[in-house]
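Residue numbers (my numbering), protein chains in the order written: chain U, 1484 to 2139; chain H, 217 to 485; chain G, 3 to 254.
Just so you know, even glycine gets a beta-carbon here, dropped at the ideal spot from N, CA and C.
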Amino acid sequence: MTDVAKHMKSETVEQHEYDVVVIGAGGAGLRAAIEARLQGKRTAIISKSLFGKAHTVMAEGGCAAAMGNANPNDSWQVHYRDTMRGGKFLNNWRMAELHAKEAAERVWELETYGALFDRTKDGKISQRNFGGHTYPRLAHVGDRTGLEIIRTLQQKIVSLQQEDFRATGDYESYLRVFQECTITELFTTGSGPGAPEEQRRVAGCFGYFRDDGRFVRFDAPAIVLATGGVGKSYQVTSNSWEYTGDGHALALRAGATLINMEFLQFHPTGMVWPPSVKGILVTESVRGDGGVLRNSDGKRFMFDYIPDVFREQYATSEDEADRWYTDADNNRRPPELLPRDEVARAINSEVKAGRGSPHGGVFLDIASRKSPEEIQKRLPSMYHQFKELADVDITKEPMEVGPTCHYVMGGIEVDPDNGMSVVPGLFAAGECSGGMHGSNRLGGNSLSDLLVFGRRCGLGAAQYVDGLRARPAVAVDDVDAAVDRAMLPFSSATDGGENPFVVHLELQKTMHELVGIIRKADEMEMALKKLADIATRTRTVSVEGHREFNPGWHLALDLRNMLLVSLCVARAAVERQESRGGHTRDDFPAMDADWRHLLLVCSALGEDDVELVRREQVPMRADLFDLFELDELKKYYTGDELGEHRAGSSGQGNGA
Amino acid sequence: MGLAEVSTETGAGRAEIAARTLRTDRWWRLPLIQAVLLTVLLGYVVVRLFLRRDYFVAEYNYLTPLYSPCISTSCTPGSAHFGTIFGDLPVWIPLPIIVFPILLGFRGTCYYYRKAVYRSILQSPTACAVREPAARYSGESRFPFNLMNFHRYFFYLASLLLLINTYDAVLAFFPPGGFGFGLGSLILVANVVLLWGYTLSCHACRHIVGGKLKHFSRHPLRYAMWNRISGLNALHMQFAWASLVSVTLTDVYIMAVAAGWIADLRIVG
Amino acid sequence: MSSHWHHFRVWRGDADGGELVDYPVEVNEGEVVLDIIHRLQQTEAQDLAVRWNCKAGKCGSCSAEINGRPRLMCMTRMSTFADDEVVTVTPLRTFPVIRDLVTDVGFNYVKAREVPSFEPPPGLAPGEYRMQQVDVERSQEFRKCIECYLCQNTCHVVRDHEENKPAFAGPRYLMRVAELEMHPLDVADRRSDVQDDLGLGYCNITKCCTEVCPEHIKITDNALIPMKERVVDRRFDPLVWLGDKIFRRTGS
């Protein structure tokens, strides 16, 4: 709007100085901030939504940690093996090791903050079974574990603020939350043209407050990114509006790298109706408790989709499958319980073949399989979710479900031990970091990931600050450029730019249809062409009105992040010519050991282009490698790599 | 925004909406019904207190709960089951001078009746999200409403009274002529059952029995009792109304029999 | 999918003033009020301010008042209204308005800090915590709270009396005290704080907080009344009072 352009004065930018700035107030961000504060650092937490509303609250299942409360045979080694298997051995093994070793301590620590997990008979933390975990391992609180973790961390922060208040008379002297604040730019030193790469260090960041649109800059030598995932680039997702890949994009633009961006986890059963909740998860337990998938002909179609490699373990007739629920030892599993990617793919095919449900999913039927009392007892939250959100009584009617974009395994490439990216002073934890989960994440490993690496990043950031001789200064030019970029959508209006909502829908549609669950080279090439077009349009989107809580403006600025991230996803997905975990190629359906040791690394070329290079994975440390049996490793590793194994070198195994 | 900038000062910038409420349902209906019922029932009881007659049917041993125990020499012969503590009371002092304050105190400080009275009589608030008329409000933080905190002691006293009511109900099966009962006896029993339901489901009772404990696991018996009482507690409102109405109806019935308006329907004896 | 036109009235404005604005808007089968607000944003009211997050009743961001009743917009299905019923959406009345449907809920964060935090038993190491399920269940009910602040908004103590805000923490934080008091391992005693500093006495248990809770937490019966009874234990029980006087007891 020209009015706004006219009223643009020289912008005042609010300024704050901190030792550590944590961007993102989910589980990872809050845990990082707690650690930085415990290390005596003045810490700011920046939250895009209100404090305590982070997407972590949506996590239901639990937090995986090998505490051995339910089964004493559990140990970090078993957890480590499960995690590596789940990720198809593409994981950063050091991260998986640290995660498996430290998760239990992190969960116990939450109890000292006041968390109340469900208990075992002898008063310990109860642990539940979950897909891919050898033993019952998930600490949980009913089906609201994420909420418990967020609230616990939030309350720990309050208690630290109370301590600071007693010491200094100011609640916020060491730890302050800036809520409803979006960061749009990171500042580094040595970012100017011709400046040597090795001088690049984090100096601060820039953003705006969503409520009144005022600009703010934080000068800080260390920044922890904990911004979560990228699901909002997809049409159907279980992710909230915040998941626009901000951290991924900020890191890229600051010179950091992303890895594994081709790996996205699509959960097979999300709600497809009503529109307001499209994508919201329907827990796996529905199928575990006897729920079956049917197409519009009423057929249990999963029997048609059992891949050869799984033939041995899965039932081929309905009778046998039904017997499994009561006698698992003598019958094979129902095909509804195939791995997530298989089920998602099957649902996709049925819908494409015109045998879908009225709202574009398939039917998940538990009503005809269990008594209403049993359903309400075993699946109370699902009963409620459908009753209240969809007005569907799942004890009487089938649910409609379809795949939904759930989690991004890829993220910022970091040092496993301290979480620092290739840009000194820039750290990342949680979903926005990459490597830990390899090509596929196990359920329950996300909440523990947040805690383990949140803490490590907080610690790493504090130690990095201690090691600095001088604080890097923010360049005035960079601040001016950031203001200009943030105001661009208002001035673009004069040039007839597009409505950001329209461009966003186009981006989501492109990613959903062309770089979705099942990928083909030609479709992805088409996606890249479309993305190039969307890039141009993203630069010129325009918004009307003012800067006070203006959703159009917010979206216009988030859009470029989604675009950059989508480019990485699409480029990496084209490049990787195999199917593995969260990356399924129609044209390369098999997993290929020659691809396992290769990481695809993205870096930014300006605001809307990316560069992709291949990098060799660091080989697993020998003692960790030896935790696996050679027979298992053969499925994933090339012959050359196996020479390092204890059995490979001696010719025979030497222990369990 | 930073949390430090938040103010809790008065009058700070709320959305200007003049309407007392934007509710479109008949929110005034329930408080109105409650106000009418409470006024009528309380009015009846007060009138009855000063009436000093027709509260005892000597023939069948029916004593209305409103006058039990009757402990003055002014009481109708035979009605003073627990002896006479007071001598004659002047006519302007109701005979249930001990009973009534306890009953009023118990019900008046009851967590459910408090809600009903605050909403329907004191309009504080009349209904949720409907602006209350009073300009100032301090709730139960000051006199006189802080006296509501003595509910527990009224609970103890009312429980003693209820033991006496229970005894009265038993006596109603043993009229002077030996075992026998009529409709009045059954009404007295039903009334006592509802009164027990109301008394045991009381929030103070729930607290004392087990609610105050920090570790249920160390007190399995009290935990079991607390669970049962919590179940009853969910019905406290229903018990409150049912027992209030049943006390009134019991009294009406005994008055009608005592005054000879109707004859008791005898079942045995 | 069937659709029809519905008459919406949305409060537009800021701290300086505002008004109810009428919008005819298309409503499709299965939609909730938040969907309609989003449709307005994408069509005729691009700068309509609204706060939301999860759209599934789990985060407690999209609190507003719909036809005068405090609700989550994402959990209010359009099918609960008659086709010709006017749907009026206004911001939470108890908090300062920022713009349109967005209010400044900072009051709640200030109050959160006034509740003395969890105090674990001294000398108990992480991993050594033992609690029985029956002992954690009461506090777990309160920890279901999604902090939508609908109870804080509907409570007449502050809704109708701005001047009570400094003295009254509101149902959510009184419930937080109850949660900590019932925590099997917490060793602090907050009964004086809750009465003197957090204003438990202001509550007149009219239960609007319970009625409005989207998580169906029995705030009044399970948190506020038990807290009042615990205060009675300490403050209004003559025997305890006498004991305190004689033995100068501080905790219990």
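- About 7 Å separates the beta carbon of residue 1589 of chain U from that of residue 1938 of chain U, a gap short enough to meet the 8 Å contact definition.
- With a threshold of 16 other beta carbon atoms within 10 Å, residue 1952 of chain U falls short and is exposed.
- By the neighbour-count criterion, in which 16 or more other beta carbons inside 10 Å mark a residue as buried, residue 252 of chain H falls on the exposed side.
- Residue 57 of chain G belongs to the set of residues whose beta carbon lies under 7 Å from a beta carbon in chain U.
- Secondary structure note for residue 1801 of chain U: its alpha helix (DSSP H) is the uninterrupted segment 1801-1807.
- Residue 1662 of chain U carries a strand assignment under DSSP once its states are collapsed to helix, strand and coil.
- Around residue 38 of chain G, no beta-carbon contact reaches into chain H at under 7 Å, the shortest distance being about 17 Å.
- Contact of residue 416 of chain H with chain G is not assigned, every C-beta pair being separated by 7 Å or more.
- As the crow flies, the alpha-carbon of residue 460 of chain H is around 15 Å from that of residue 283 of chain H.
- Here residue 466 of chain H is buried: its Cβ has 16 or more other Cβ atoms, across all protein chains shown, within 10 Å.
- For residue 56 of chain G, the three-state secondary structure derived from DSSP is coil.
- Contact between residue 1722 of chain U and residue 1538 of chain U holds: their C-beta atoms lie close to 7 Å from each other, under 8 Å.
- At least 7 Å separates the CB of residue 145 of chain G from every CB of chain H.
- Burial is judged here by how many other beta carbons sit within 10 angstroms of a residue's own beta carbon; residue 174 of chain G has at least 16 and is buried.
- Think of a sphere of 8 Å around the beta carbon of residue 104 of chain G: the chain U residues whose beta carbon falls inside it are 1694 and 2032, in chain order.
- By the Cβ neighbour-count rule, residue 1956 of chain U is exposed, with fewer than 16 other Cβ atoms within 10 Å of its own.
- Residues of the region 230-264 of chain H with a Cβ closer than 7 Å to any Cβ of chain G, in chain order: 230, 231, 232, 233, 237, 238, 239 and 240.
- Within the same chain, Cβ atoms closer than 6 Å to the Cβ of residue 1510 of chain U are found at 1539, 1632 and 1933, the five residues on either side in sequence being excluded.
- Neighbourhood of residue 2029 of chain U in chain G, by CB distance below 7 Å: 49, in chain order.
- Non-local C-beta neighbours of residue 1855 of chain U in its own chain, meaning closer than 8 Å and more than five positions away in sequence, comprise 1878 and 1879, ordered along the chain.
- In this chain, residue 1594 of chain U is not harboured by any beta strand (DSSP E); it is covered by the alpha helix (DSSP H) spanning 1576-1596.
- DSSP places residue 1845 of chain U in the strand class (E or B) of the three-state scheme.
- Relative to the Cα of residue 63 of chain G, the nearest Cα in the group G:214, G:239, G:70 and G:149 belongs to G:149.
- When the Cα atoms are used, residue 208 of chain G and residue 1760 of chain U turn out to be separated by approximately 34 Å.
- Residue 140 of chain G carries a helical assignment under DSSP once its states are collapsed to helix, strand and coil.
- The three-state secondary structure of residue 13 of chain G, taken from DSSP, is strand.
- Contacts between residue 209 of chain G and chain H, judged by CB atoms closer than 7 Å, involve 331 in chain order.
- Using a C-beta cut-off of 8 Å, the region 2042-2054 of chain U makes no contact with the region 1544-1561 of chain U, since fewer than three inter-stretch Cβ pairs fall below that distance.
- Considering only H:396, H:268 and H:345, the residue with the shortest C-alpha distance to residue 286 of chain H is H:268.
- With contact defined as three or more Cβ pairs closer than 8 Å, the region 1766-1776 of chain U and the region 1817-1824 of chain U are in contact.
- When C-beta distances to chain G are compared with 8 Å, the residues of the region 310-330 of chain H below that value are 327 and 330, in chain order.
- The beta carbon of residue 215 of chain G sits no closer than 7 Å to any beta carbon of chain U.
- Here residue 358 of chain H is exposed, its C-beta having fewer than 16 other C-beta atoms within 10 Å.
- The contact set of residue 344 of chain H on chain G, defined by CB atoms closer than 7 Å, consists of 156, 210, 213 and 214 in chain order.
- Residue pairing of residue 1764 of chain U in beta bridges, as defined by DSSP: U:1753.
- A contact is defined here as three or more CB-CB pairs under 8 Å, and the region 474-483 of chain H meets this definition with respect to the region 262-276 of chain H.
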